[in-house]
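Contents: one structure, followed by commentary.
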Amino acid sequence: MKKSELSPKISTFPMPVAVISVGTGEAANLITLAYVGKVCHDPPIIAISIRPNRHSYKLIENLGEFVINYPTIEQLRETDYIGTHSGRDVNKWNHLNLTKENASVVQVPMIKEFPWNMECKVIKRVEFGSHICYFGKVVATHSDPNYVQNETLNPEEFNFPAYIAGNYLQLKKGALARHGFTVE
Ligand SMILES: Cc1cc2nc3c(=O)[nH]c(=O)nc-3n(C[C@H](O)[C@H](O)[C@H](O)COP(=O)(O)O)c2cc1C
């Protein structure tokens with residue numbers, strides 16, 4: 011097979027689409043991120059990366075906390091708006107009629123209308139170059155019970171978009187197989 015050469019900067023796939031809340035009270039802001047990924051199970055750590063020119067950058071630097079809010083595919087419009095407008099110019103909560111819900115551990119509000127929220131405390135930050143990477147320890151997770159089965163996310167009800175090469179993708183086709191299906 012002859013393979014094409016691609017840039018080392020090409021993104022992995024699929025990337026999630028998540029809306030992160032940062033800051034507190036009236037200053038609380040929202041930013042859409044694709045650079046979001048679990049990097050350790052115990053303790054549970056998720057890494058997110060933010061460019062320093064974002065309005066959200068100062069807010070996460072000051073508080074050291076964030077909430078990951080995962081949208082459904084029906085909430086793509088809100089998600090794209092949050093990722094294409096700055097909190098410097100508009101209050102995204104008010105503009106999109108999103109409700110601040112108190113988190114159980116962190117001071118940053120969760121998005122009430124988004125069905126899956128993960129509260130995180132920054133335990134480490136690394137300056138790699140274009141983006142600052144924050145490693146957040148997950149201190150609480152909340153989900154709409156409709157998406158949950160046996161205390162974990164139900165793959166048959168999974169309704170969250172992914173992101174690849176500038177496009178939002180739908181993953182809702184159900185599970186292909188269960189992890190370990192080749193084990194006798
Ligand atoms: C799908 C999508 C993914 C994005 N991923 C990132 C990301 O991983 N890191 C980042 O710094 N900006 C990312 N952005 C851009 C920010 O969301 C965007 O610049 C936003 O307007 C910044 O808001 P703020 O200035 O209120 O913080 C993404 C935008 C979209 C639409």
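With the numbering used here applied, the sequence shown covers 11 to 194. Glycine included, every Cβ here is placed at the ideal spot set by N, Cα and C. Owing to the predicted nature of the structure, the values given are computational and were not obtained by experimental measurement.
Going along the chain, which residues of its own chain have a beta-carbon closer than 8 angstroms to the beta-carbon of residue i, five neighbours each way excluded?
| i | result |
| --- | --- |
| alanine 185 | Pro165 and Glu166 |
| tyrosine 91 | Lys102, His105 and Leu106 |
| lysine 122 | Leu108, Thr109, Lys110 and Glu111 |
| phenylalanine 170 | Pro26, Val27, Tyr80, Pro81, Thr82, Ile83, Trp126 and Leu181 |
| arginine 98 | His65 |
Measuring straight from C-alpha to C-alpha, what distance separates residue i and residue j?
| i | j | result |
| --- | --- | --- |
| leucine 181 | proline 24 | 10 angstroms |
| valine 27 | threonine 34 | 22 angstroms |
| tyrosine 173 | serine 31 | 19 angstroms |
| isoleucine 56 | leucine 43 | 13 angstroms |
| valine 79 | arginine 188 | It is worth fixing the name first, because residue 79 is asparagine in this sequence and not valine. Going from the Cα of asparagine 79 to the Cα of arginine 188 covers about 26 angstroms. |
| methionine 128 | tyrosine 144 | 15 angstroms |
| glutamate 15 | valine 46 | 26 angstroms |
| aspartate 154 | tryptophan 126 | 7 angstroms |
| phenylalanine 76 | lysine 183 | 30 angstroms |
| leucine 179 | tyrosine 157 | 19 angstroms |
| arginine 135 | isoleucine 142 | 7 angstroms |
| asparagine 39 | glutamate 88 | 13 angstroms |
| asparagine 72 | serine 17 | 35 angstroms |
| alanine 37 | glycine 190 | 46 angstroms |
| asparagine 160 | threonine 94 | 37 angstroms |
| serine 96 | isoleucine 41 | 8 angstroms |
| phenylalanine 138 | alanine 175 | 22 angstroms |
| proline 119 | cysteine 130 | 11 angstroms |
| leucine 163 | phenylalanine 124 | 15 angstroms |
| glutamate 194 | phenylalanine 168 | 28 angstroms |
| valine 148 | isoleucine 60 | 18 angstroms |
| threonine 192 | leucine 86 | 36 angstroms |
| threonine 22 | asparagine 177 | 13 angstroms |
| lysine 19 | serine 140 | 12 angstroms |
| valine 100 | isoleucine 70 | 18 angstroms |
Excluding five sequence neighbours on each side, which residues of the same chain lie with their C-beta closer than 6 angstroms to the C-beta of residue i?
| i | result |
| --- | --- |
| threonine 151 | Met128 |
| valine 49 | Ile55 and Ala57 |
| valine 132 | Gly74, Tyr144 and Gly146 |
| histidine 51 | none |
Output needed for residue i: all residues of its chain with C-beta closer than 7 angstroms, excluding positions within five of it in sequence on either side, in chain order.
| i | result |
| --- | --- |
| glutamine 117 | Thr34, Leu73 and Glu75 |
| proline 62 | Ile142 |
| proline 53 | Lys147 |
Discussion item. Would the region 106–115 count as touching the region 58–66 if we require 3 or more Cβ pairs under 8 angstroms?
Written reply: Because the criterion of three Cβ pairs below 8 angstroms is not met, the region 106–115 and the region 58–66 do not touch.
Worksheet entry | Residue ranges of each alpha helix (DSSP H) within the region 23–79, 4 or longer | Those alpha helix (DSSP H) runs which fall completely within the region 23–79 and span 4+ residues are 65–73.
Discussion item. Just to confirm the assignment: which complete beta strand (DSSP E) runs, minimum length 3, are found wholly within the region 130–163?
Written reply: Restricting attention to beta strand (DSSP E) runs no shorter than 3 residues, the region 130–163 encloses them at 142–153, ordered along the chain.
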